RNA sequence: GCCGCAUUCGUCUAGAGGCCCAGGACACCGCCCUCUCAAGGCGGAGACCACCGGUUCGAAUCCGGUAUGCGGUACCA
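In this note's numbering, the protein residues as written are 6 to 506.
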């Protein structure tokens, strides 16, 4: 039996949490949950120039927000470092890499390279011109001790290159079955430690995966061609190879690799637009995976129960925002009242702050609205757009928009006035949808009007919109005073036409 | 260029030799419901399973080739 299942997500804090990273994290998390294994988070921050703590924070916050929690990880974002293989941050593991590098050097599996960027660049250009695949020419591969000393004069350290042996490297990929790559296509001996002494990704990932006892490396398809390098390193270092699985990529709608240019790639953007964690997780899981049944809506926990890497698709999947929105709606309809209100409030606060709405409604008020708005908001951010007129004092309604197609201004004015009178007969106690509707239906019938026309005129006059939740529920939410006030304003706006009859 | 991978409705996918003249979902169209908008229900259109050739009594499913697409090709991760 293999050792305990241990998987990881190893984000690089060189940008905000990317949906591709989130999806890879999710698949690792689900795999761990499904197999009873552990999920580890490791920060790969060796690209010092591009890494920042702000990005670290964004990445860890985003994963937490999605509900993707790790069993072992670094101390950051207000968390304690946790786990038996700390530290979980590469820049704190430098001694490990140095030791591994020394071992490779001692075995002559790696050697110092003193080529300058200019030389390397010239090599590449020459190869390009000769239509040859770019590869390291091996200028420093067989330097004598004297030559090394000479090149390293003046304290020049040189980078460390790993000697790529001849042969074929193959592995049984968890999602793509057998993959084999000839080492002659790896681009020659590759650098594992920079001239300044900092280690490079291909090297650190192997040293860390071994140190942290990672059993399964589940990552994006873009790493397939890196895997032979990693396997070579595992072998050279005498480490057991983990099992690899390469996930299909999330693609832009046009089929190319997901990019900031063509798509929204930051998880934070989706959060800001009012997507729920449930919908995002649900959607990500279904990008490249399917339970094989016709069910579509799953919680994170249910996904963990069903998830199976063998059922993961091999080809990339295009990101389809429409489907995400549909799922978001599904989830908004499933959330408990309290929960939904709590999630809606920040968006209302933002709208109030931006002036989109005039005042911030209380939680109770929002809760009472739920029955009529819940199935009408595709995202948490769309509530103000639906019923913002409830929280705006001066409603600017263009009189020209009030009259239904079949009515002229005079009829509209007369109808609104009559309706206003009927409604004014109610006091605050009987100002209920059930009470408001019958009298207006009577009115419509006695005058030979169409209910839809009268209702639409009232709707536009009181909300300024042609699309709202059911009219009478809306008027109840608006309140008696404001309803009558807005009707009066509309009637006045329709001019001093003499009401007929 | 070279290496690798992929290819089922517009999109996400079901399908692991006969159950498939290919099922579901999103989007689209129509009808129902209905005071508008949604939601929901019902129905429709939409895939010669990339192409060619094999294997087989039988192929979307197995094998080969072609095409197309994508990924990789750094002292980035």
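Just so you know, even glycine gets a beta-carbon here, dropped at the ideal spot from N, CA and C.
Just so we're clear, the structure is a prediction, and the values are computed from it rather than from any experiment.
Indicate the three-state DSSP secondary structure (helix, strand or coil) for residue 185 in the structure shown.
strand
By DSSP, does residue 376 sit in helix, in strand, or in coil?
helix
Do residue 44 and residue 223 come within 7 angstroms of each other at the CB atom, strictly closer than that value?
no
Which whole-angstrom value is the C-beta distance of residue 247 and residue 214, which I expect to be below 8 angstroms?
About 6 angstroms; that satisfies the 8 angstroms criterion.
Quick one: grab the DSSP three-state call for residue 246.
coil
Residue 394 versus residue 419: straight-line alpha-carbon distance, rounded:
24 angstroms
So, with DSSP's three-state summary, where would you put residue 430?
coil
Proximal residues to residue 461 (C-beta, below 8 angstroms), its chain only, five neighbours per side dropped:
409 and 471
Separation of residue 312 from residue 403, as counted between CA atoms:
55 angstroms
Let me check understanding here. Comparing Cα to Cα, which of 329, 373 and 327 lies closest to residue 346?
373
Please classify residue 234: is it buried, with 16 or more other beta-carbons within 10 angstroms of its beta-carbon, or exposed?
Residue burial annotation: residue 234 is buried, with at least 16 other C-beta atoms found within 10 angstroms of its C-beta.
So, residue 61 versus residue 17, is the Cβ gap smaller than 7 angstroms?
no
If you run the structure through DSSP and keep just helix, strand and coil, what is residue 78?
strand
Give, in chain order, every unbroken run of the alpha helix (DSSP H) that is at least 4 residues long and sits entirely within the stretch 132-169.
150-156
Sort 449, 259 and 12 by Cα distance to residue 324 and report the nearest one.
259
Which value, in whole angstroms, describes the spacing of the CA atoms of residue 367 and residue 343?
13 angstroms
Could you tell me the alpha carbon to alpha carbon distance between residue 156 and residue 105, rounded to whole angstroms?
23 angstroms
Validate contact between the stretch 85-92 and the stretch 189-208 using beta carbons, cut 8 angstroms, 3 pairs
no
How do the stretch 430-443 and the stretch 354-367 stand: do at least 3 beta-carbon pairs fall below 8 angstroms, yes or no?
no
Where residue 112 falls, given that 16 or more other Cβ within 10 Å makes a residue buried:
exposed
Just to confirm my understanding: we take residue 502, look at its own chain, exclude 5 residues before and 5 after, and list those with CB closer than 7 angstroms. What are they?
Legend: pLDDT at residue 502 = 47, less than 50; position of this residue unreliable, value from coordinates given subsequently. Same-chain partners within the cutoff: 414, 415 and 418.
What do you get for residue 425, buried or exposed, if any count of 16 or more other CB atoms within 10 angstroms of its CB means buried?
Under this definition residue 425 is a buried residue.
DSSP three-state label for residue 89, please.
DSSP places residue 89 in the coil class of the three-state scheme, outside both helix and strand.
Go ahead and label residue 495 buried or exposed: buried means 16 or more other beta carbons lie within 10 angstroms of its beta carbon, across all protein chains shown.
buried
Going along the chain, which residues of its own chain have a beta-carbon closer than 7 angstroms to the beta-carbon of residue 396, five neighbours each way excluded?
362, 363, 364 and 366
By the three-class DSSP mapping on this structure, what secondary structure does residue 262 have?
It is a strand residue.
Can you say whether residue 208 is buried or exposed, counting buried as having 16 or more other CB atoms within 10 angstroms of its CB?
buried
Can the beta-carbon of residue 349 be found closer than 7 angstroms to that of residue 388?
yes
In or out: residue 174 buried (at least 16 other Cβ within 10 Å) or exposed?
buried
Keeping to the same chain, check which residues put their C-beta closer than 7 angstroms to that of residue 448; ignore five residues upstream and five downstream.
423, 424 and 427
Let me know if residue 506 comes out buried or exposed under the rule of 16 or more other beta-carbons within 10 Å of its beta-carbon.
Legend: pLDDT at residue 506 = 34, less than 50; position of this residue unreliable, value from coordinates given subsequently. Per the 10 Å Cβ criterion, exposed.
Could you give the first and the last residue of the continuous beta strand (DSSP E) run that contains residue 178?
173-178
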